[in-house]
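Each remark here refers to the structure printed beneath this line.
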Ligand code: FES
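Residue numbers (the working numbering): 22 to 262.
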């Protein structure tokens, strides 16, 4: 691997640099879980071919399900390098540091596409959450190039760990920790921040049954690879305000 996301976890007054690849199991701060590794999964296209970091279209929202078969995540190649070492806080008061985007130009980011407000997320039917390219306008914020959940107009900073810029959400989207290998392939290795997976499985049982066959299938952990497609291919209807 030529690129690794070293994380800095703030636990009390101590800042610890952590290489996620070396973590097995959960990493806990003094007051709760901040980061969890899952089985490493390679991002592949609909035909099963590995996606190359340098081939990602700019400012397009891609979706892959990770770390569970039914939990959608966004992959975005931003037009400019992201911020670095962004300190974020979860609703439960945990502080953590989002390292940066990955790829040669530090432009590739990934976030769990389950809104931290009321868990709006893309389904095969529709999507209210996604990246708004710089050239488009949004009602959620005074500038674009951000992630917007159009359910209640929450805005998240795509280049700064999905920190909240405005709207009803009170904490960042959880981020997916990625690695880009020497051969330019992309791998998901864990989730950083407070995820909503437990509540999501509870709240959307009928929907998960409809699309995945049942709770057990929906909660199946992704392994080996994760199919990654454009949001416009993942959901039939895209709603963006
Ligand atoms: S569910 Fe996303 S803003 Fe309310």
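Glycine included, C-beta positions come from ideal geometry on N, C-alpha and C. Computed from a predicted model, the values in this text were never measured in an experiment.
Just the residues with CB closer than 6 Å to a heavy atom of ligand 1, in chain order, which are they? 136, 138, 139, 141, 170, 172, 173, 175, 188, 189 and 190
Can you tell me whether residue 260 is buried or exposed, with buried defined as 16 or more other CB within 10 angstroms of its CB? exposed
If you pair each beta-carbon of the region 151-169 with each one of the region 92-101, do three or more pairs fall below 8 Å? yes
Note down the Cα distance separating residue 190 from residue 127, rounded to an integer number of angstroms. 26 Å
Kindly indicate which residue of 258, 71 and 217 has the alpha-carbon position closest to the one of residue 91. 217
Is the number of C-beta pairs between the region 238-246 and the region 107-116 that are closer than 8 Å three or more? no
CB-CB under 7 Å to residue 248, same chain, minus the five flanking residues each way: which ones, in chain order? 65, 67 and 85
Using 8 Å for Cβ pairs, my map puts residue 165 next to residue 138. What's the rounded Cβ distance? No, residue 165 and residue 138 are not in contact; Cβ-Cβ is about 20 Å, not under 8 Å.
Around the C-beta of residue 101, are 16 or more other C-beta atoms found within 10 angstroms, so that it is buried, or is it exposed? exposed
Classify residue 203: buried if its beta carbon has 16 or more other beta carbons within 10 angstroms, exposed otherwise. exposed
Quick one: using the 10 Å Cβ neighbour count with 16 as the cut-off for buried, is residue 131 buried or exposed? buried
Would you say residue 227 reaches chain D, if we count a Cβ-Cβ gap shorter than 8 Å as a contact? In the structure shown, chain D cannot be found, because there is only a single protein chain.
Looking at the secondary structure, which residues open and close the beta strand (DSSP E) in which residue 262 lies? Element bounds for residue 262: n/a, residue is neither H nor E.
Opposite residue 170 in the DSSP bridges: which residues? 150 and 175
Output the residue ranges of the alpha helix (DSSP H) runs that lie fully inside the region 177-229 and measure 4 residues or longer, sorted by chain position. 218-224
How is the alpha helix (DSSP H) around residue 67 delimited, first residue to last? Careful: residue 67 lies outside any alpha helix (DSSP H) and carries neither H nor E.
Nearest candidate by alpha-carbon position, reference residue 145, set 195, 228, 58 and 81: 228
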